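**Student:**
In our numbering, the protein residues as written are 101 to 316.
1. Is the region 224–241 touching the region 272–280 in the sense that three or more CB pairs, one from each, lie closer than 8 Å?
2. Beta-carbon within less than 7 Å of residue 113's beta-carbon, same chain only, minus the 5 sequence neighbours each way: which residues are those?
3. By alpha-carbon positions, which one of 259, 130, 105, 137 ends up nearest to residue 206?
4. Quick one: is residue 104 buried, meaning 16 or more other Cβ sit within 10 Å of its Cβ, or exposed?
5. Over what stretch of residues does the alpha helix (DSSP H) that includes residue 247 continue unbroken?
6. Tell me the DSSP secondary structure of residue 239 in three-state form.
7. Using a Cβ distance threshold of 8 Å, determine whether the region 117–136 contacts the region 153–161, with at least three qualifying pairs required.
8. Can you give me the Cβ contacts of residue 223 inside the same chain, cut-off strictly under 6 Å, excluding the 5 residues immediately before and after it?
9. Measuring straight from C-alpha to C-alpha, what distance separates residue 143 and residue 261?
10. Identify whether residue 294 lies in helix, strand or coil by the three-state DSSP scheme.
11. Would you check if the distance between the CB atom of residue 256 and the CB atom of residue 239 is smaller than 8 Å?
12. Given a threshold of 16 other Cβ atoms within 10 Å of its Cβ, counted over all protein chains shown, does residue 213 qualify as buried or as exposed?
13. Relative to the C-alpha of residue 192, which candidate in 125, 252, 282, 209 has its C-alpha closest?
14. In chain order, what residues of the same chain lie with their CB nearer than 8 Å to the CB of residue 145, ignoring the 5 residues before and after it?
15. In chain order, what residues of the same chain lie with their CB nearer than 7 Å to the CB of residue 254, ignoring the 5 residues before and after it?
16. Using the beta-carbon count (16 or more within 10 Å), is residue 297 buried or exposed?
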């Protein structure tokens, strides 16, 4: 299978999955992709590459790209994309895919414990502990006191307490909402499985050449 990855990817950020793909017989080429990080190089895509040559621009591939995979390092990055400063860029990319009939699949490389949006609801944001420690110290909340109960009481008396980081339930709700609005498909995997999942999603009959990666 020939797979194209986005030329704009940060250097060495994707080395593990790229090495797996090459070791398992898949050819990788870098292209300026219009959306996402990975696409299958179909006959239609290959014809555009041959025709445009060195003049190839990312928008040249819009009409021939059917499925794209956008990989994310974990739920922390998803928080940034949906609830943080990268929201507009992520939304615009999803809209571009939707308007051009491209199936936009976001593959989240979090861990083997996160496999669905139901699992996301149970996720504990690692930034929550730091936030709680800061607020406890700032407002004199004892360690033995329930944090959320005390915060509610303080706010009821007019305390201006900053909002905490995105929680698992909040993130899951936001992911469901944006998926419905922009036709995003959420997929999950452990970081060791990413190469294999890319192959499965892009169409190698749902098979990987080396299934050992799934049980490692």
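We put the beta carbon where it would ideally sit given N, CA and C, even for glycine.
For clarity, every value in this text was computed on a predicted model and none was experimentally measured.
**Tutor:** On the basis of the supplied data:
1. no
2. The residue labelled residue 113 in the question sits at position 13 within the chain shown. Excluding positions up to five away in sequence, the list is empty.
3. Here the question's residue 206 lines up with position 106 in the chain shown. Of the listed residues, the one whose Cα sits closest to residue 206 is 137.
4. The sequence position of residue 104 within the chain shown is 4, counting from 1. Buried, by the Cβ-count rule.
5. On the chain shown, residue 247 is found 147 positions in, with the first residue counted as 1. First-last of the alpha helix (DSSP H) with residue 247: 247–256.
6. What you label residue 239 is simply residue 139 of the chain shown in a count that begins at 1. Residue state, collapsed to three classes: helix.
7. yes
8. For the purposes of this step, residue 223 is taken as residue 123 along the chain shown, with counting starting at 1. So the qualifying residues of the chain are 175, 268.
9. Taking the first residue of the chain shown as 1, we reach residue 143 at position 43. Taking the first residue of the chain shown as 1, we reach residue 261 at position 161. Taking the straight line joining both Cα atoms gives about 57 Å.
10. Here residue 294 corresponds to residue number 194 of the chain shown, with the count starting at 1. The answer is helix: DSSP assigns residue 294 an H, G or I state.
11. Here residue 256 is taken as the residue at index 156 of the chain shown, counted from 1. Here residue 239 is taken as the residue at index 139 of the chain shown, counted from 1. Their beta carbons are not under 8 Å apart, which means residue 256 does not touch residue 239 by this criterion.
12. Counting from 1 along the chain shown, the entry for residue 213 is found at position 113. Residue 213 should be labelled exposed.
13. Here residue 192 refers to the residue found at position 92 when the chain shown is read from its first residue. The option with the nearest alpha carbon to residue 192 is 282.
14. The residue labelled residue 145 in the question sits at position 45 within the chain shown. Excluding residues up to 5 positions away in sequence, 104, 139, 161, 164, 165 lie with their Cβ nearer than 8 Å to the Cβ of residue 145 in the same chain.
15. In the chain shown, the residue the question calls residue 254 occupies position 154. Result list for residue 254: 239, 261, in chain order.
16. One-based indexing of the chain shown puts residue 297 at position 197. Looking at its Cβ environment, which holds 16 or more other Cβ atoms inside 10 Å, residue 297 is buried.
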